[in-house]
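Enquirer: Just so you know, the protein sequences line up as chains A and B, in that order. For the first sequence, full-length UniProt numbering gives the first residue as 1, with consecutive numbering after it. For the second sequence, full-length UniProt numbering gives the first residue as 1, with consecutive numbering after it. Idealized CB from N, CA, C, for every residue including glycine.
There are 2 protein chains.
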Amino acid sequence: MTETKARRRAGRPRGFDTDAVLDKAVRLFWQRGYEATSMADLVAETGVAAASLYAAFDNKAGLFAAVIERYAATFSVHLYAPINDPALSTYEAVEGLLERAASSFSEPGTPAGCFMYSAAAAVSPASAAIECLLRDKRIAAEALLIERLQRGAAQGELAANTDPAVLGKFINTVMEGMSVQARDGATINELLSIATMALDRWPAAI
Amino acid sequence: MTETKARRRAGRPRGFDTDAVLDKAVRLFWQRGYEATSMADLVAETGVAAASLYAAFDNKAGLFAAVIERYAATFSVHLYAPINDPALSTYEAVEGLLERAASSFSEPGTPAGCFMYSAAAAVSPASAAIECLLRDKRIAAEALLIERLQRGAAQGELAANTDPAVLGKFINTVMEGMSVQARDGATINELLSIATMALDRWPAAI
DNA sequence: CACGATATGGAACGATCGATAAATAATATC
DNA sequence: GATATTATTTATCGATCGTTCCATATCGTG
């Protein structure tokens, strides 16, 4: 996250706010996916001319990469906050994660489900690199969850016979499924009841 | 499923096997999704000229609709067989369903995951009808699962405080998540351990 | 104020998209 | 075998795809 100040030489200043443009691009890619979102769509939605978008992000793939980071910095950070909260027990952390998934995946103001899961579910071979970008994010997020569970296991918060890697994969799988459910119109209450059932029979110690 | 024999009038016979063409089209749409699969791709893969495909299926959407039915008649039927097997207990039926999901989603000879979940996860507004076709299939499959659970509940196979609708949505959510996991490279053993953990939540009577 | 540097708006690029027209080939029926 | 009907081949359609060129606009610096 260290960013060299990029000492400006001169020239006309950028006429649009990068983050504001990315926010609008996030919505488009989130809703329609990578392939079904055209540069013309992005120009229409953001009000920024194509040449300016290319000057700022190189190409469509570069714009999408910036969109991924923007989504991660805004939505994902909030979703995964309980995992990084040292005040929460392991169970509370996972409970908070699933509750936030239920609410954010069904949030009326944004497209349903999770951007990371649906924005590039299936793409052409030419866009394989795009699919890989999101896959890496998904795998990294899962690894973060598993690490949290491993810390909990090390502190005796899980039953001795519990494999944190399997439990983490299970929790992550439920979240991914909840995203599909939300896309298909599941309400927040339905998602919460799914989360509750996943948390049922939590392998607590003792 | 009733099909009028479509009494042929005359004319040159079709030069290709419809099901064979659909099988190849299934693979393409399964792997790349609806938007990222072009008619040129389909022509190259099937060896059938574009005009012939249009004569047989009207347009790309019509071909995709036929592909959905072909997938349902081949892969989905096998996946959901345990649900319709009267010899199995409710638990065994769900267990069989998840086991088949684990193996078929990671089957080396086919694209990873489930066609129904990933072939049109996010599409353009112009293709909204396509997305709806698959969503209806997903919802119908979930309803089928819930009906099976309701029958089990009626026969006392579930704990009295269990809501079959919630349990069915949970099982279905895990399956949808398993599809994403398979897409991201999960092995059959990893998927099976996820399924096992989901079944650990099983609300048996007594 | 002049100059270099960067951003913008508008027009346009070649490629590919889904889809079709027209001519020809191959069958069933009479 | 003549005719009606359907399928195939080939070429091509207008629209849209991602991308770029070019002239102009607007800044920091000398």
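Give a yes or no on whether 7 Å exceeds the smallest Cβ distance from Met116(B) to chain A.
Expert: Along the second sequence, read from residue 1 onward, the residue named residue 116(B) stands at position 116. No, its Cβ sits nowhere closer than 7 Å to a Cβ of chain A.
Enquirer: Quick one: is residue 207(B) buried, meaning 16 or more other Cβ sit within 10 Å of its Cβ, or exposed?
Expert: Residue 207(B) lies beyond the range of chain B shown here (1 to 206); nothing can be said about it.
Enquirer: Leaving aside the five residues before and after Gly152(A) along the sequence, list all residues of the same chain whose C-beta is less than 6 Å from its C-beta, in chain order.
Expert: Position 152 of the first sequence, counted from the first residue, corresponds to residue 152(A). So the qualifying residues of the chain are Thr90, Leu158.
Enquirer: Quick check: Glu35(B) and Ala36(A), are their CB atoms within less than 7 Å of each other?
Expert: One-based indexing of the second sequence puts residue 35(B) at position 35. One-based indexing of the first sequence puts residue 36(A) at position 36. The answer is yes: Cβ separation under 7 Å.
Enquirer: With a CB to CB cut of under 7 Å and the five nearest residues on each side skipped, what residues in its chain are close to Ala49(A)?
Expert: The residue given as residue 49(A) occupies position 49 in the first sequence. For Ala49(A), where only same-chain residues beyond five positions count, the Cβ hits under 7 Å are Val43.
Enquirer: Between Ile188(A) and Ser106(A), how many whole angstroms is the CB-CB distance? I'm expecting something under 8 Å.
Expert: Counting from 1 along the first sequence, the entry for residue 188(A) is found at position 188. Counting from 1 along the first sequence, the entry for residue 106(A) is found at position 106. Indeed they touch by this definition, with Cβ atoms about 4 Å apart.
Enquirer: Name the DSSP bridge partner or partners of Ala182(A)?
Expert: Mapped onto the first sequence, residue 182(A) falls at position 182. In DSSP, Ala182(A) forms no bridge with anything.
Enquirer: Between Ile139(B), Ala129(B), Ser104(B), which lies nearest to Thr74(B) when the distance is taken from Cα to Cα?
Expert: To locate residue 74(B), count along the second sequence from 1; it is residue 74. Ranking the options by Cα distance to Thr74(B), first place goes to Ser104(B).
Enquirer: Suppose you measure from the CA of Thr18(A) to the CA of Leu63(A); what does that come to, to the nearest Å?
Expert: As a working note, residue 18(A) is residue 18 in the first sequence. As a working note, residue 63(A) is residue 63 in the first sequence. Thr18(A) and Leu63(A): Cα-Cα distance of roughly 11 Å.
Enquirer: Report yes if the CB atom of Val22(A) is closer than 7 Å to the CB atom of Val67(A), and no otherwise.
Expert: Stepping through the first sequence from its first residue, residue 22(A) is reached at position 22. Stepping through the first sequence from its first residue, residue 67(A) is reached at position 67. A quick correction: the sequence has Leu, not Val, at residue 22(A). Their beta carbons are under 7 Å apart, which means Leu22(A) touches Val67(A) by this criterion.
Enquirer: According to the neighbour-count rule (16 or more other Cβ atoms, all chains shown, within 10 Å of its Cβ), is Asp184(A) buried or exposed?
Expert: The count along the first sequence starts at 1 and reaches residue 184(A) at position 184. Buried is the call here.
Enquirer: Is the beta carbon of Ala72(B) less than 7 Å from the beta carbon of Ala182(B)?
Expert: Translated into the one-based positions of the second sequence, residue 72(B) becomes position 72. Translated into the one-based positions of the second sequence, residue 182(B) becomes position 182. No, Cβ-Cβ distance for Ala72(B) and Ala182(B) is not below 7 Å.
Enquirer: When you compare the CB positions of Glu190(B) and Gly177(A), do they come within less than 7 Å of one another, or not?
Expert: Numbered from 1 along the second sequence, position 190 holds the residue referred to as residue 190(B). Numbered from 1 along the first sequence, position 177 holds the residue referred to as residue 177(A). Not closer than 7 Å, so no.
Enquirer: In chain order, what residues of the same chain lie with their CB nearer than 7 Å to the CB of Ala6(B), ignoring the 5 residues before and after it?
Expert: In the second sequence, counting from the first residue as 1, residue 6(B) sits at position 6. At Ala6(B) the pLDDT is 44, less than 50, meaning the model places this residue with poor confidence; the figure from the coordinates comes in the next sentence. Answer for Ala6(B): no residue qualifies.
Enquirer: Three-state secondary structure (DSSP) at Ala204(B)?
Expert: On the second sequence, residue 204(B) is found 204 positions in, with the first residue counted as 1. Ala204(B) sits in a strand when the DSSP states are folded into three classes.
Enquirer: Under 7 Å, Cβ to Cβ, is there at least one residue of chain B near Ala112(A)?
Expert: In the first sequence, counting from the first residue as 1, residue 112(A) sits at position 112. No, no contact with chain B.
Enquirer: Does the distance from the C-beta atom of Leu97(A) to that of Pro82(A) stay below 7 Å?
Expert: The residue labelled residue 97(A) in the question sits at position 97 within the first sequence. The residue labelled residue 82(A) in the question sits at position 82 within the first sequence. Yes. Within cutoff.
Enquirer: Got a sec, what are the start and stop residues for the alpha helix (DSSP H) Cys114(B) sits in?
Expert: Position 114 of the second sequence, counted from the first residue, corresponds to residue 114(B). First-last for Cys114(B): undefined, no H or E at that position.
Enquirer: By DSSP, does Leu158(B) sit in helix, in strand, or in coil?
Expert: Your numbering for residue 158(B) matches position 158 in the second sequence. DSSP places Leu158(B) in strand when its eight states are reduced to three.
Enquirer: Can you list, in chain order, the residues of the region 26–56 of chain A whose Cβ is nearer than 9 Å to any Cβ on chain B?
Expert: Phe29, Trp30, Gln31, Arg32, Gly33, Tyr34, Glu35, Ala36, Thr37, Ser38, Asp41
Enquirer: In terms of alpha-carbon separation, which member of Ala186(A), Phe170(A), Ile194(A), Phe29(A) lies closest to Glu45(A)?
Expert: Counted from its first residue, the first sequence places residue 45(A) at position 45. The candidate whose alpha carbon is nearest that of Glu45(A) is Phe29(A).
Enquirer: What residues in the region 189–202 of chain A bring their beta carbon closer than 8 Å to a beta carbon of chain B?
Expert: Glu190, Ser193, Ile194, Met197, Ala198, Asp200, Arg201
Enquirer: In angstroms, rounded to a whole number, what distance separates the CA positions of Ala143(B) and Ala10(B)?
Expert: Working through the second sequence from its first residue, we reach residue 143(B) at position 143. Working through the second sequence from its first residue, we reach residue 10(B) at position 10. When rounded, the distance between both Cα atoms is 43 Å.
Enquirer: Could you have a look at Glu131(B) and say whether DSSP puts it in helix, strand or coil?
Expert: Position 131 of the second sequence holds residue 131(B). Three-state result, Glu131(B): helix.
Enquirer: Less than 8 Å between the CB atoms is what I'm expecting for Ile194(B) and Phe170(A), so what's the real figure, rounded?
Expert: Counted from its first residue, the second sequence places residue 194(B) at position 194. Counted from its first residue, the first sequence places residue 170(A) at position 170. Correct: roughly 5 Å between the Cβ atoms.
Enquirer: Any beta-carbon of chain B closer than 7 Å to the one on Thr90(A)?
Expert: Mapped onto the first sequence, residue 90(A) falls at position 90. By this cut-off, Thr90(A) is not an interface position.
Enquirer: If Leu133(B) sits next to Ala101(B), beta carbons under 8 Å apart, how far is it from one beta carbon to the other, in whole angstroms?
Expert: Your numbering for residue 133(B) matches position 133 in the second sequence. Your numbering for residue 101(B) matches position 101 in the second sequence. The beta-carbon separation of Leu133(B) and Ala101(B), rounded to 21 Å, does not stay under the 8 Å limit for a contact.
Enquirer: Beta-carbon within less than 6 Å of Phe57(A)'s beta-carbon, same chain only, minus the 5 sequence neighbours each way: which residues are those?
Expert: Locating residue 57(A) in the first sequence gives position 57, where the first residue counts as 1. These residues qualify, in order along the chain: Leu63, Ala66.
Enquirer: Using the Cα positions of Arg14(B) and Met39(B), report the straight-line distance between them to the nearest angstrom.
Expert: Residue mapping note: residue 14(B) aligns to position 14 of the second sequence, counting from 1. Residue mapping note: residue 39(B) aligns to position 39 of the second sequence, counting from 1. If I take the Cα positions, the gap works out to 19 Å.
Enquirer: Can you grab the Cα-Cα spacing for the pair Asp41(A) / Ala122(B), in whole Å?
Expert: On the first sequence, position 41 is the one that residue 41(A) refers to. On the second sequence, position 122 is the one that residue 122(B) refers to. A straight line joining the alpha-carbon of Asp41(A) with that of Ala122(B) spans about 15 Å.
Enquirer: What alpha helix (DSSP H) runs, 4 residues minimum, are completely inside the UniProt domain "HTH tetR-type" (15–75) of chain B?
Expert: 18–32, 39–46, 50–57, 60–71
Enquirer: Taking Cβ-Cβ distances below 8 Å as the criterion, which residues of the region 129–158 of chain B are in contact with chain A?
Expert: Arg135, Arg138, Ile139
Enquirer: Taking Cβ positions only, does Phe64(B) come closer than 7 Å to chain A?
Expert: As a position in the second sequence, residue 64(B) is number 64, starting the count at 1. It does not; no Cβ of chain A falls within 7 Å.
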